[in-house]
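S.K.:
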RNA sequence: GCCUUGGUGGCGGAAUUGGUAGACGCGCUGGAUUCAAAAUCCAGUUCUUUCGGGAGUGUGGGUUCGAUUCCCACCCAAGGUACCA
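Numbering (the working numbering), first residue to last: 492 to 1423.
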């Protein structure tokens, strides 16, 4: 009987689907385990072999946990709102929902072929109204909340209103807009409703504000900072400019410290934690106020070096700083105007990449030193960014290299306030070795002492305060797109109002065109039925808008990360229509125990979703502040491109080894035309593309050998390998094993289809072992092979070292084959061990062993150390640390006896060549080392 | 520049707390089987060698009886981040 993988795999996939083998029960007496994959965006290109890597790993873990007796939740769904479907809609007029549906079906087919143990009954898509109902619901919760700094958590906005009514806002400690005005209770009560709403908006966690945004004209939308790479849009590479717009934002900055602190409690990869830490960018220092000569305004600066306050010799404002025009003197106006104009023309990218050019201009104004009263010239310079800190810097050239370079360039003074340090060549920025001088009351202090002293005095004199600054900005939450979640928002006199939660979901309206309107409104501006009737509580036609009962709805939609920020909780109770999830469901599943996905989401999805979770935790919706205890980043699988070498200007192609003798240009060809020995199928190439039809080949040893290059798997390099083709030729079990066998999960590694014959051959050998099953007592050898494997594989899975378990299986099967083992008592546990990795063949073998039903719940075999005990140990005998030969001794032989026998051995004499050993080290059970 | 991760045969990669470097697989070489091919099976495969051995885990030092593993300095690659005050 042959190993017919196609038949076996189809059979069991059908069985699992029909029996709902992997359906997770929320009301289970078993302990729970939640294994989650980052859900995919279903692109039109389908899956290539790189995509399932993480899914295979998580599936192995999920299946392993089922064998261990856990109730396992292992769901899958689709992040199905997104740009590509919308772009396609713009080009073709086809509704994005249609494209998305087609792509999802293709994904599902491909996923099904790989034999994953997903509970498909829980599947959802972020673009279905039944799902985004709850995305809209969370948005409303954020709108209805503010951040209380005193209790350090989000609280209902109704509490804030009560506080305003009782005491005004002077006592309140909250995270809010910078420019909130102070008022008393009586003043609050006297305000018009509209005015009150405007103030509340300054406190809400989801708020509307005029913000300077990254506007991408080509995409017609706003982008978040992390959607911009090197100054151009991540998708499409279009230029991005700064622009002021009224936008929804999320007050994620309120959670900066908690997002930072939370990292210590979760088992996530260090590089990922580092990039979140970096992104949040906490820095400790002081905010200092400088008076300006002849002006009522005081310039606030943030500094991390308050200890160097006496070293300030000038001040630099960002050219975009709002007060630049105000401070500039008549004489300097022309120069400043020209500089501001020039800076505004430079793109962010320009300013970023050009670090050598030093530029700036003097405003003619002077600030006054808070302690000495010295006059400090105010400059502007494009090295200061308006978006960081206060957009102003107190320049200390002796202690900061950029300030130093600026001072040198413009001949500004560089006072030295460090004891015993030479600053004639460069600034001195070493905090640890700082000793302050020429600084009045700070002289002789180190960095810590001086910083403390300065902050104390600033606070005492009311000229500044200690401050912690974060790089993290509030997240812009509006997108000028069609294919996203609509905001559950309508506008009364320009003030946003929430649609009642019982009326959700607010579904996306139909539009004729997916482009912005002629007036420049977002695509939803094309909808004709997009107004809210507060009486009827339903969406009605726009021409009914009367400003009394019918109001316009929001035209923006939510960004890509909205739908993925709480999906992991929704899987716990995905079809609940009454609540985002039931208390029982969240109470049982609690959170994700293992989350596997790519590291590219480090500062996007993985930061925003932690923010939403913290918020929902504050509001009592979820029981844990962090939703994923452990996270693993799977590495990328790269492609191995194949190159042919065309002799310039001809139709001749020379083999790899001959290319040096000619002037050639390398061309990439389809990797599927090349075999395991790098030989090209030249006839297939001639048919592949017309340009090769008349090609002539210069061979070496009768073969055409291709060159190889490892690079990202991509259609344009012709190195994409489709998992469907692999399943067809070798089967899903072979593919699963091979993906794991390639190397450690977290590392990136190149794909080369050739190697798959190794694991495929292993499965065939495994199959053969089960063809003549018997009930005989197993040999000691066979028991040893089995228990060695149980031990190693169990340890490997817990450590996510899947590559080494595949090797272990191979060794075990090689040994059992050599032993001619057909004993059921060995092969039955072996089938369970293999089952998480190669589930189809394992099910079939389980059936051959005489079982009915699925292997998936069979208990994981127990390791018994007594089978590994050996009577003899083969000792490596090394000389000066180098192993030279081996000797066998009884396992219980003592140190002295071993030493005696080794020294007496003729091979030892040979090695020593008459020298006498200086020292002999015997580690029982390990090694013998002779020094001499 | 800074942070992080990594560097072992022709290739992917193994190597418990420091204790036999190169497991396992690909590829390659030779052989068996076959009309032939595929498939399968057997033997060999780090380099070097005067066939005794010798060298060897990015480079150079150090600790140790013993280092791929620990320490110091450096080089290279990948990922993240950046006029961040």
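Virtual Cβ for every residue (Gly too), placed ideally from N, Cα, C. Just so we're clear, the structure is a prediction, and the values are computed from it rather than from any experiment.
1) Go through its chain and collect everything with a Cβ distance to residue 513's Cβ below 6 angstroms, but skip five positions before and after it.
2) With the cut-off set at 8 angstroms, would you say residue 965 and residue 1207 are in Cβ contact?
3) What does a CB cutoff of less than 7 angstroms around residue 1304 pick up in its chain, not counting 5 residues either side in sequence?
4) Could you name the residues that DSSP lists as bridge partners for residue 492?
5) Which residues does DSSP pair with residue 756 in a beta bridge?
6) Please list, in chain order, all residues of the same chain as residue 1316 whose beta carbon is under 7 angstroms from its beta carbon, the five residues on each side excluded.
7) For residue 909, which beta-bridge partners are listed by DSSP?
8) Would you identify the three-state DSSP class for residue 992, choosing helix, strand or coil?
9) Taking the alpha helix (DSSP H) that residue 1482 falls in, what are its first and last residues?
10) Going along the chain, which unbroken runs of the alpha helix (DSSP H) with 4 or more residues stay wholly within the segment 1277-1330?
11) List in chain order: all unbroken beta strand (DSSP E) runs of 3+ residues lying wholly within the segment 1025-1075.
12) If the criterion is Cβ atoms closer than 8 angstroms, does the pair residue 1128 and residue 540 meet it?
13) Report the CB separation of residue 613 from residue 622 in whole angstroms; it is logged as a contact under 8 angstroms.
14) Throw me the rounded Cβ distance for the residue 791 and residue 778 pair, which I believe falls under 8 angstroms.
15) Bridge partners of residue 858, per DSSP?
16) Among 556, 578 and 521, which has the Cα closest to the Cα of residue 1006?
17) Look at the alpha carbon of residue 628 and the alpha carbon of residue 706, and state the distance between them as a whole number of angstroms.
18) Just the Cα atoms here: how many angstroms apart are residue 688 and residue 524?
19) Using alpha carbons as the reference points, say which of 704, 588, 1348 and 819 lies closest to residue 574.
20) Considering just the uninterrupted stretch of the beta strand (DSSP E) at residue 563, what are its terminal residues?
21) Closest to residue 984 by CA distance: which of 686, 1398, 1418 and 691 is it?
22) Do residue 967 and residue 740 count as a contact pair if the criterion is CB distance below 8 angstroms?
23) Expressed to the nearest angstrom, what Euclidean distance is found between the alpha-carbon atoms of residue 888 and residue 796?
24) Quick one: Cα of residue 519 to Cα of residue 562, how far?
25) Checking the sheet assignment: what are the DSSP bridge partners for residue 1265?
26) To the nearest angstrom, report how far apart residue 765 and residue 1342 are at their CA atoms.
27) Between the C-alpha atoms of residue 658 and residue 859, what's the straight-line distance to the nearest angstrom?
28) I'd like to know whether the C-beta atoms of residue 517 and residue 1229 end up nearer to each other than 8 angstroms.
29) So, under 8 angstroms CB-CB, residue 691 and residue 1226 are touching, yes? Tell me the CB distance rounded to an integer number of Å.
30) Can you look up residue 678 in the DSSP assignment and give me helix, strand or coil?
31) Out of 1419, 1392, 1423 and 962, which one is the CA nearest neighbour of residue 1407?
32) Judging by CA-CA distance, which residue of 1379, 1008, 885 and 1333 is the nearest neighbour of residue 776?
33) Any idea if residue 1193 is buried or exposed, counting beta-carbon neighbours within 10 angstroms, 16 or more meaning buried?
34) Across which residues does DSSP place residue 834 in a beta bridge pair?
35) Please classify residue 1402 as buried or exposed, where buried requires at least 16 other C-beta atoms within 10 Å of its C-beta.
36) Taking the alpha-carbon of residue 477 as reference, which of 1044, 1351 and 1100 has the nearest alpha-carbon?
M.R.: This is what the structure holds:
1) By one-based count along the first chain, residue 513 stands at place 22. Taken in chain order, the residues that qualify are 608 and 610.
2) Within the first chain, residue 965 is the residue found at index 474, counting from 1. Within the first chain, residue 1207 is the residue found at index 716, counting from 1. Taking 8 angstroms as the Cβ cut-off, residue 965 and residue 1207 do not qualify as a contacting pair.
3) Here the question's residue 1304 lines up with position 813 in the first chain. Cβ within range, chain order: 1253, 1256, 1257 and 1260.
4) Counting from 1 along the first chain, the entry for residue 492 is found at position 1. Answer is none; residue 492 lacks a bridge partner.
5) By one-based count along the first chain, residue 756 stands at place 265. DSSP, once it has assigned bridges, lists no residue as partnering residue 756.
6) The residue labelled residue 1316 in the question sits at position 825 within the first chain. So the list reads 1269, once near-sequence residues are dropped.
7) Position 418 of the first chain, counted from the start, is the residue given in the question as residue 909. Per DSSP, 927.
8) Position 501 of the first chain, counting from 1, holds the residue named residue 992. If DSSP states are grouped into helix, strand and coil, residue 992 belongs with the helices.
9) Outside the shown range of the chain, which is 492 to 1423, sits residue 1482, and nothing can be said about it.
10) 1293-1309 and 1315-1325
11) 1029-1031 and 1041-1043
12) Against the first chain, residue 1128 aligns to sequence position 637. Against the first chain, residue 540 aligns to sequence position 49. Yes, the Cβ-Cβ distance between residue 1128 and residue 540 is below 8 angstroms.
13) The residue given as residue 613 occupies position 122 in the first chain. The residue given as residue 622 occupies position 131 in the first chain. The Cβ separation is near 11 angstroms, so there is no contact.
14) Counted from its first residue, the first chain places residue 791 at position 300. Counted from its first residue, the first chain places residue 778 at position 287. With 8 angstroms as the limit, residue 791 and residue 778 qualify as a contact, their Cβ atoms being about 6 angstroms apart.
15) Taking the first chain and counting its residues from 1, the one referred to as residue 858 is at position 367. Bridge pairing for residue 858: 783 and 867 [DSSP].
16) Counting from one through the first chain, the residue named residue 1006 turns up at place 515. It is 578.
17) Walking along the first chain from the start, residue 628 turns up at place 137. Walking along the first chain from the start, residue 706 turns up at place 215. Going from the Cα of residue 628 to the Cα of residue 706 covers about 27 angstroms.
18) Numbered from 1 along the first chain, position 197 holds the residue referred to as residue 688. Numbered from 1 along the first chain, position 33 holds the residue referred to as residue 524. When rounded, the distance between both Cα atoms is 45 angstroms.
19) Position 83 of the first chain, counting from 1, holds the residue named residue 574. If we check each option's Cα against that of residue 574, 588 comes out closest.
20) Within the first chain, residue 563 is the residue found at index 72, counting from 1. It spans 562-564 - the beta strand (DSSP E) in which residue 563 sits, taken as one unbroken run.
21) Translated into positions along the first chain, residue 984 becomes position 493. Closest option to residue 984, Cα to Cα, is 686.
22) Translated into the one-based positions of the first chain, residue 740 becomes position 249. Translated into the one-based positions of the first chain, residue 967 becomes position 476. It is a contact, given that the beta carbons lie within the stated cut-off.
23) Taking the first residue of the first chain as position 1, residue 888 is located at position 397. Taking the first residue of the first chain as position 1, residue 796 is located at position 305. Looking at the two C-alpha atoms, the distance is approximately 12 angstroms.
24) Residue numbering aside, residue 519 sits at position 28 when the first chain is read from its first letter. Residue numbering aside, residue 562 sits at position 71 when the first chain is read from its first letter. Those two C-alpha atoms are separated by around 7 angstroms.
25) Along the first chain, one-based indexing puts residue 1265 at 774. According to the DSSP secondary-structure assignment, residue 1265 is paired through a beta bridge with 1314.
26) Position 274 of the first chain holds residue 765. Position 851 of the first chain holds residue 1342. Distance from the CA of residue 765 to the CA of residue 1342, rounded to the nearest whole angstrom, comes to 50 angstroms.
27) Indexing the first chain from 1 puts residue 658 at position 167. Indexing the first chain from 1 puts residue 859 at position 368. Looking at the two C-alpha atoms, the distance is approximately 37 angstroms.
28) Against the first chain, residue 517 aligns to sequence position 26. Against the first chain, residue 1229 aligns to sequence position 738. No, Cβ-Cβ distance for residue 517 and residue 1229 is not below 8 angstroms.
29) As a first step, residue 691 must be located in the first chain, where it is residue number 200. As a first step, residue 1226 must be located in the first chain, where it is residue number 735. About 56 angstroms separates the two Cβ atoms, so there is no contact after all.
30) Mapped onto the first chain, residue 678 falls at position 187. It is helical.
31) Within the first chain, residue 1407 is the residue found at index 916, counting from 1. Selected option, being the one with the closest Cα: 1423.
32) Walking along the first chain from the start, residue 776 turns up at place 285. Per the Cα distances, 885.
33) As a first step, residue 1193 is located in the first chain; it is residue number 702 there, counting from the start. Residue 1193 comes out exposed.
34) Counting from 1 along the first chain, the entry for residue 834 is found at position 343. None; residue 834 has no bridge partner.
35) For the purposes of this step, residue 1402 is taken as the residue at position 911 of the first chain. By the 10 Å Cβ count, residue 1402 comes out buried.
36) The requested residue 477 is not part of the displayed model; the chain covers only 492 to 1423.
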